[in-house]
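Protein chains: 2
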Amino acid sequence: MKIENPNPITWHFADRAAAMQSSFIREILKVTQRPDIISFAGGLPSADTFPVEKMKSAFDKVLTESGRVALQYGPTDGFPPLREWIANSLSTEGCTIAPEQVLMTSGSQQALDLIGKVLIDEGSRVLVETPSYLGALQAFSVYRPEFASVATDEHGLVPSSIDAVVEGARMLYALPNFQNPTGRSLSVERRQELVETCARHNLPLIEDDPYGALSYKGEPYPKMLNMNPDGVIYMGSFSKVLTPGIRLGYVVAPLPLVRRLELAKQAADLHTSQLTQMVVHEVIKDGFLQEHIPTIRNLYAKQCQAMLDAMKEHFPSNVSWTKPEGGMFIWVQLPKHIDAMKLLDQALAAKVAFVPGAPFYANKPEMNTLRLSFVTVSPARIQEGIAILGKLIAAFK
Amino acid sequence: MKIENPNPITWHFADRAAAMQSSFIREILKVTQRPDIISFAGGLPSADTFPVEKMKSAFDKVLTESGRVALQYGPTDGFPPLREWIANSLSTEGCTIAPEQVLMTSGSQQALDLIGKVLIDEGSRVLVETPSYLGALQAFSVYRPEFASVATDEHGLVPSSIDAVVEGARMLYALPNFQNPTGRSLSVERRQELVETCARHNLPLIEDDPYGALSYKGEPYPKMLNMNPDGVIYMGSFSKVLTPGIRLGYVVAPLPLVRRLELAKQAADLHTSQLTQMVVHEVIKDGFLQEHIPTIRNLYAKQCQAMLDAMKEHFPSNVSWTKPEGGMFIWVQLPKHIDAMKLLDQALAAKVAFVPGAPFYANKPEMNTLRLSFVTVSPARIQEGIAILGKLIAAFK
Numbered sequence: 005m006k007i008e009n010p011n012p013i014t015w016h017f018a019d020r021a022a023a024m025q026s027s028f029i030r031e032i033l034k035v036t037q038r039p040d041i042i043s044f045a046g047g048l049p050s051a052d053t054f055p056v057e058k059m060k061s062a063f064d065k066v067l068t069e070s071g072r073v074a075l076q077y078g079p080t081d082g083f084p085p086l087r088e089w090i091a092n093s094l095s096t097e098g099c100t101i102a103p104e105q106v107l108m109t110s111g112s113q114q115a116l117d118l119i120g121k122v123l124i125d126e127g128s129r130v131l132v133e134t135p136s137y138l139g140a141l142q143a144f145s146v147y148r149p150e151f152a153s154v155a156t157d158e159h160g161l162v163p164s165s166i167d168a169v170v171e172g173a174r175m176l177y178a179l180p181n182f183q184n185p186t187g188r189s190l191s192v193e194r195r196q197e198l199v200e201t202c203a204r205h206n207l208p209l210i211e212d213d214p215y216g217a218l219s220y221k222g223e224p225y226p227k228m229l230n231m232n233p234d235g236v237i238y239m240g241s242f243s244k245v246l247t248p249g250i251r252l253g254y255v256v257a258p259l260p261l262v263r264r265l266e267l268a269k270q271a272a273d274l275h276t277s278q279l280t281q282m283v284v285h286e287v288i289k290d291g292f293l294q295e296h297i298p299t300i301r302n303l304y305a306k307q308c309q310a311m312l313d314a315m316k317e318h319f320p321s322n323v324s325w326t327k328p329e330g331g332m333f334i335w336v337q338l339p340k341h342i343d344a345m346k347l348l349d350q351a352l353a354a355k356v357a358f359v360p361g362a363p364f365y366a367n368k369p370e371m372n373t374l375r376l377s378f379v380t381v382s383p384a385r386i387q388e389g390i391a392i393l394g395k396l397i398a399a400f401k
Numbered sequence: 005m006k007i008e009n010p011n012p013i014t015w016h017f018a019d020r021a022a023a024m025q026s027s028f029i030r031e032i033l034k035v036t037q038r039p040d041i042i043s044f045a046g047g048l049p050s051a052d053t054f055p056v057e058k059m060k061s062a063f064d065k066v067l068t069e070s071g072r073v074a075l076q077y078g079p080t081d082g083f084p085p086l087r088e089w090i091a092n093s094l095s096t097e098g099c100t101i102a103p104e105q106v107l108m109t110s111g112s113q114q115a116l117d118l119i120g121k122v123l124i125d126e127g128s129r130v131l132v133e134t135p136s137y138l139g140a141l142q143a144f145s146v147y148r149p150e151f152a153s154v155a156t157d158e159h160g161l162v163p164s165s166i167d168a169v170v171e172g173a174r175m176l177y178a179l180p181n182f183q184n185p186t187g188r189s190l191s192v193e194r195r196q197e198l199v200e201t202c203a204r205h206n207l208p209l210i211e212d213d214p215y216g217a218l219s220y221k222g223e224p225y226p227k228m229l230n231m232n233p234d235g236v237i238y239m240g241s242f243s244k245v246l247t248p249g250i251r252l253g254y255v256v257a258p259l260p261l262v263r264r265l266e267l268a269k270q271a272a273d274l275h276t277s278q279l280t281q282m283v284v285h286e287v288i289k290d291g292f293l294q295e296h297i298p299t300i301r302n303l304y305a306k307q308c309q310a311m312l313d314a315m316k317e318h319f320p321s322n323v324s325w326t327k328p329e330g331g332m333f334i335w336v337q338l339p340k341h342i343d344a345m346k347l348l349d350q351a352l353a354a355k356v357a358f359v360p361g362a363p364f365y366a367n368k369p370e371m372n373t374l375r376l377s378f379v380t381v382s383p384a385r386i387q388e389g390i391a392i393l394g395k396l397i398a399a400f401k
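Top line first, the protein sequences correspond to chains L and A. Using the working numbering, the letters of the first sequence map in sequence onto residues 5 to 401. Using the working numbering, the letters of the second sequence map in sequence onto residues 5 to 401.
So this is what it looks like as structure tokens:
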């Protein structure tokens, strides 16, 4: 049946395909999942926190009571009760979010793709933090923007530095709470200033918020969405507060934009699993997250402290790092002469892994930076791994 | 906390967003889901065929045995045992498909989006059947190709008509088995000729195959993938043989392309739910589909026959239609003076719905065509609805 001697095909890829690169992190992860390696490279939440039994009963209940609906095609915008729950959870006294503003997505990574698809033309300027979330840079890169990096300091993004780069910009992307990769949060004053600056420039502000609920003290920062719901596009996710494997996120946007995002989603994958949405709604509708999230926070806070203590003990004095008040990451600034890529080679040889900072920069990278995650490693292994890293840093030539 | 008097944002959408339109079918479906309407408009499989109990036990088993793995982030290319199962199911005596060629997707709609993303530049020529699947036209349109329609007749696409339009084409998209919307299948001779023609022109051939297993006689057509695995991109789905709500499809392609598609998927949504993939693998691994698919086929075959019988009885003699040997759709050719859009208005007033044919044409539409689906309507209601349609067609002025 096979045809005879076909010529091997010569592929002609689209120009945008040339810009696609595998995430450096996902490449590192392939190496570092061996159990003998102490890996601070992961971006995965701790599987110990997954409410497996709760999810299992919810799947059982939804399939028993509404199996044929849950397993059929569903609406592109999402399961209405879940959209309503999300809208309520984001509404504040002065700011009501409507369920119509909520679009369910296949993880919040898909929201990044849809936003890029709808807002970025080739060469469009896109403003990002320095450094920024790698998954966002990857998603937007497909649409071939020109990235402009906005300065950051220890309080996060510096709003006053926007004016100089805003000309022609299509949007600003920010991750204000316990940022990936730095663990830094934007101060409340800066939020207000950032929202005002973007509004003044007619600049859509993307507020990506996967970690907001993971504040170790349990006091969340105010959302920029609520400061200007007509100018902010908010992204949320169930990956860090429930489980990531179900791939469920959402984007909240002003109606003219959310309708475009919905059309883009229809063309991209029709809709996100109804079953998953119904199950998540079943799990969270009676307040489960209020009791569950503190258990995640406490675990991460303890391990973060263990890492900070170990760093204080083992890292040379010419190394500095962030002290996160939530989330999953610590950001390390090495002395200028240390290239974190080279340090990684030495670390892997000593069976410790981390992610070098360079891939998180949209433009000129700072090679002497790295990201550490503490959430999937026990305090004893954290102590051990940090001690090894400290020695390698001190001995680096 | 709200900022004062922000200017309402003036949106600047990407050029491609202007090309996005809501599927006409999904718009019709919103109207026709009222229970008093006899709807032949749907593209949904019959929920009566969903193996709900089987799915429920599989969710229970996977979550009990491997909950923390199933609910964690997973690999972009998919769950290895499921990819292996798919590769085996597609391998023939003369043609082995490797698991590495299989990329799991969030429904086969996502495969369309990824293929468009990786192969289409603005203005690239894309060859499609006349008429073609609407979801594919929508997915590809985002990347702004120039569609060229390839002629079809009662045996499906006419390969000899490719030469005239192939210049500069990036791919040819075909749905050879029980096509949506026409219900037609490509003859075996035509398949061979099509594969050879595409190979001769270095033209990637997309073989979209959601309905292939739904042959009423149980004899599937040979796959073009197996005639030239180096030049054919095959798309499959669990939507029509299991359930669509879980959003699980796959694409099989030569390695250089599948690696690009994987990068595009990583940027688009990281990966498809591990849990869903593990559950589907659990459901099908011991041969469940061989016993399950015949029950779907038999139901659809019976209802298809009921519709064909009713059409013979009630449709005027100047109307012609396809006689599908599988799948979910019948295609109707009305006399030239009848615009199916206008007929739809009259039909809806009489509480019967269908989908006009025009949206399925990439270029010049034939306004006197329409698509009927029989899979979710009982034989009695089919008889009733077709009688009403027949009267409206006969009386149309």
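For every residue, glycine included, the Cβ atom is placed at its ideal position computed from N, Cα and C.
Between the alpha carbons of residue 211 (chain A) and residue 156 (chain L) lies a gap of roughly 49 Å. Going by DSSP, residue 28 (chain A) is part of the alpha helix (DSSP H) stretching over 28-36.
Annotation for residue 359 (chain A): 29, 32, 45, 374, 375 place their beta carbon closer than 7 Å to its own, counting only its chain and skipping 5 residues before and after. Assigned with DSSP and collapsed to three states, residue 304 (chain L) falls in helix. If you look at residue 257 (chain A), you'll find it isn't in any alpha helix (DSSP H); DSSP assigns it neither H nor E.
Taking C-alpha positions only, residue 98 (chain A) is separated from residue 275 (chain L) by approximately 38 Å.
Ranking A:62, A:255, A:321 by CA distance to the CA of residue 101 (chain A) puts A:255 first. At least one CB atom of chain L sits nearer than 9 Å to the CB of residue 49 (chain A).
Judged by their CB atoms, residue 149 (chain L) and residue 169 (chain L) are not nearer to each other than the 9 Å cut-off. The C-beta of residue 159 (chain A) has fewer than 16 other C-beta atoms within 10 Å across all chains shown, which makes the residue exposed. Listed in chain order, the alpha helix (DSSP H) runs fully inside the segment 158-241 of chain L are 192-204, counting runs of at least 4 residues. Put simply, the backbone Cα of residue 241 (chain L) is about 25 Å away from that of residue 203 (chain L). Cβ-Cβ distances below 8 Å link residue 310 (chain A) to 378, 383, 386, 387 in the same chain, with the five nearest sequence neighbours on each side left out; the list follows chain order. Taking the beta carbon of residue 74 (chain L) as reference, the chain A residues within 8 Å of it are 249, listed in sequence order.
Going by beta carbons, residue 207 (chain L) and residue 179 (chain L) fall outside the 9 Å limit. For residue 321 (chain A), there is no enclosing beta strand (DSSP E), as DSSP marks it with neither H nor E. At least one CB of chain A lies nearer than 9 Å to the CB of residue 78 (chain L). Taking 8 Å as the upper bound on Cβ-Cβ separation, chain L lies near residues 7, 10, 11, 12, 13, 14, 15, 16, 17, 18, 19, 20, 21, 24 of the segment 7-24 of chain A. A distance below 6 Å between beta-carbons, with the five flanking residues on each side excluded, links residue 41 (chain L) to the following residues of its chain, in chain order: 355, 357.
If you compare the alpha carbons of L:75, L:397, L:259 with that of residue 337 (chain L), the shortest gap goes to L:397.
Using a CB distance cut-off of 9 Å, residue 44 (chain A) does not count as an interface residue toward chain L. For residue 392 (chain A), the secondary structure class from DSSP, reduced to helix, strand or coil, is helix. The beta carbon of residue 233 (chain L) lies closer than 6 Å to those of 99 in the same chain, with the five residues before and after it left out. For residue 155 (chain A), no CB of chain L lies under 9 Å from its own CB, so it is not counted at the interface with that chain.
For residue 231 (chain L), the nearest CB of chain A lies under 9 Å from its own CB, placing it at the interface with that chain. Chain A places a beta carbon closer than 9 Å to that of residue 99 (chain L), counting this residue as a contact. In the displayed model, residue 144 (chain A) falls within a helix according to three-state DSSP. For the segment 37-112 of chain L, the full-length alpha helix (DSSP H) segments reaching 4 residues or more read 56-74, 84-94 along the chain. For residue 20 (chain L), the uninterrupted alpha helix (DSSP H) run begins and ends at 19-22, by DSSP.
By the Cβ test, the segment 100-118 of chain A is not in contact with the segment 302-317 of chain A, since fewer than three Cβ pairs between them sit closer than 8 Å. Inter-residue distance for residue 263 (chain A) and residue 123 (chain L) is about 27 Å (C-alpha atoms, whole angstroms).
Comparing alpha carbon positions, the residue from A:235, A:216, A:220 closest to residue 226 (chain A) is A:216. Rounded to whole angstroms, the gap between the alpha carbons of residue 120 (chain L) and residue 329 (chain A) is 42 Å.
Beyond the five residues adjoining it in sequence on each side, residue 86 (chain A) comes within less than 6 Å, by CB distance, of 281, 285 in the same chain, given in chain order. Contact check between the segment 51-61 of chain A and the segment 73-84 of chain L: three or more CB pairs, one atom from each, fall below 8 Å, which counts as touching. Taking 8 Å as the Cβ-Cβ cut-off, the segment 134-150 of chain A approaches chain L at 139, 142, 143, 145, 146, 147, given in chain order.
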